[in-house]
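All you need for this note's numbering is the position in the sequence shown, starting with 1, plus 100. Here a beta-carbon is modelled for each residue, glycine too, at the ideal position from N, C-alpha and C. Owing to the predicted nature of the structure, the values given are computational and were not obtained by experimental measurement.
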Amino acid sequence: MKGVVFLGDRKAEVREFPTPDPGSGQVLVRMKASSICGTDMHFYRKSWDDLVAFRQSFNGSPDTITGHEPCGVVEAVGSHVMTVKPGDRVTVYQHVGCERCGFCRRGDVMFCPKRTGYGSVHNGSAADFTLVPERNCLELPDALSFERAAVLSCAGGTAYQSIKRLAPSGKDTMAIFGLGPVGLCAVMFAVARGARVIGVDLVPERLELARQIGASDTVNATQDNPLEVIQDFTGGKGVDAGADYSGNSQAQEAMLACAGKGARLAIVGVGESFSVDTLQISSHIK
């Protein structure tokens with residue numbers, strides 16, 4: 101089978117790999133779609149030395165196939181596999197936990213101290229096939245395309261978890277900073293819960309797409325001050341909920357500044373450090 105390997109310094113290569121055979125509790129999935137995550141681009145841009153050091157810190161190989169947003173069809177199953185069969189359409193959860201710690205036992209595998217993942221330690225989804233544990237396979241409804249499911253597997257899941265915790269509803273106005281794939285998914289989920297959503301970004305096309313999927317208003321931060329627009333939109337009260345998906349420190353500080361009293365906030369985007377007014381935190385938000 102073929103798979104894509106990052107070589108460091110913005111280089112990649114398609115290589116030949118042996119097609120794995122599924123063992124006990126394992127499933128071989130023939131890939132139909134694999135999205136490119138921002139994390140993939142982070143690894144793509146790393147130097148070779150940094151890439152090797154990162155993977156070795158998890159006992160991974162520098163030659164690991166990239167990709168962690170997979171969707172496909174079950175090709176074969178190993179012994180003791182009970183929940184999927186050849187021909188089933190599945191997506192694959194990207195994290196592999198120890199199954200014994202408190203985080204794994206309550207379903208928060210992403211917090212497992214021994215967590216590993218596809219595309220960083222295990223061979224990932226930018227390949228003809230991916231070998232995964234049965235427990236990581238999630239069956240797809242026929243109405244959901246492989247392409248859409250691949251985006252939902254990581255970007256959608258990340259957005260959903262943050263929106264679920266913020267719990268916006270029809271009584272809330274929510275500001276969403278950063279309208280990339282994760283931020284746009286967050287717009288859809290927040291709108292679906294009934295919230296009035298204000299989307300903030302620098303790219304006109306992303307702002308337009310946010311409006312198309314239900315944002316009540318948008319702010320082009322290259323032209324307008326987001327805080328002023330949001331204060332005007334909310335009658336000076338600030339938003340009831342806010343989230344940043346950009347990882348940009350200015351966006352994160354603006355998101356904090358536009359919060360109303362008692363607002364629920366989430367910082368999801370990973371990026372630069374930023375300063376926080378602790379008095380503002382203690383008196384305005386929870």
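Item	Value
C-alpha gap between ALA275 and GLY256, whole angstroms	18 Å
Own chain partners of PHE289 with C-beta closer than 7 Å, once the 5 adjacent residues on each side are dropped	ALA259, TYR260, ILE263
Beta-bridge pairing of HIS222 - partner residues as DSSP gives them	TYR218
Backbone CA spacing between GLN323 and GLU308 [nearest angstrom]	15 Å
Cβ-Cβ distance between SER124 and GLY178 below 9 Å	yes
Opening and closing residue of the beta strand (DSSP E) in which LYS102 lies	102–106
Assigned exposure category for LEU107 - 16 Cβ within 10 Å defines buried	exposed
Cβ-Cβ separation, LEU231 to PRO162 (assumed contact under 8 Å), whole Å	With a Cβ gap of about 19 Å, PRO162 and LEU231 do not count as contacting.
Simplified DSSP state of PHE117, which is helix, strand or coil	coil
Contact set for ARG215: own chain, Cβ-Cβ below 6 Å, skip 5 residues either direction	HIS195, GLY197
Bridge partners - VAL297, DSSP secondary structure assignment	MET274
Pairwise C-alpha distance: GLY336 and SER253	37 Å
Own chain, CB closer than 6 Å to GLY172, minus 5 neighbours either side, in chain order	VAL129, ARG130, MET131, LYS132
Bounding residues of the beta strand (DSSP E) (the contiguous stretch that carries ASP340)	339–344
Cβ neighbour criterion (16 or more within 10 Å) applied to ASN159	exposed
Proximity below 9 Å, CB of ASP344 to CB of ILE330	no
Per-residue DSSP class, three states only, for PHE143	helix
CB contact below 9 Å: LEU244 versus chain D	The structure shown contains no chain D, having only a single protein chain.
Of the listed residues GLY219, PRO118, ASP208, nearest to MET141 (C-alpha basis)	GLY219
Local conformation of PHE98 per DSSP, three classes	Since the first and last residues shown for the chain are 101 and 386, residue 98 lies out of range.
8 Å contact criterion, which ALA341 and PRO241 should meet: CB distance rounded	Contact flag wrong, Cβ pair sits at about 29 Å.
DSSP-derived helix/strand/coil call for ARG189	strand
GLN261, DSSP secondary structure in three states	helix
Spatially closest choice to PRO326 from ALA359, GLY314, GLY347, by CA coordinates	ALA359
Spatial distance of SER316 from PRO122 (CA atoms)	49 Å
Distance between LEU266 and ALA226 (C-alpha atoms, nearest Å)	33 Å
Cross-strand partners of PHE229 (DSSP beta bridge)	ARG130
Top-ranked residue by Cα proximity to ARG205, from ARG235, VAL339, ARG364	ARG235
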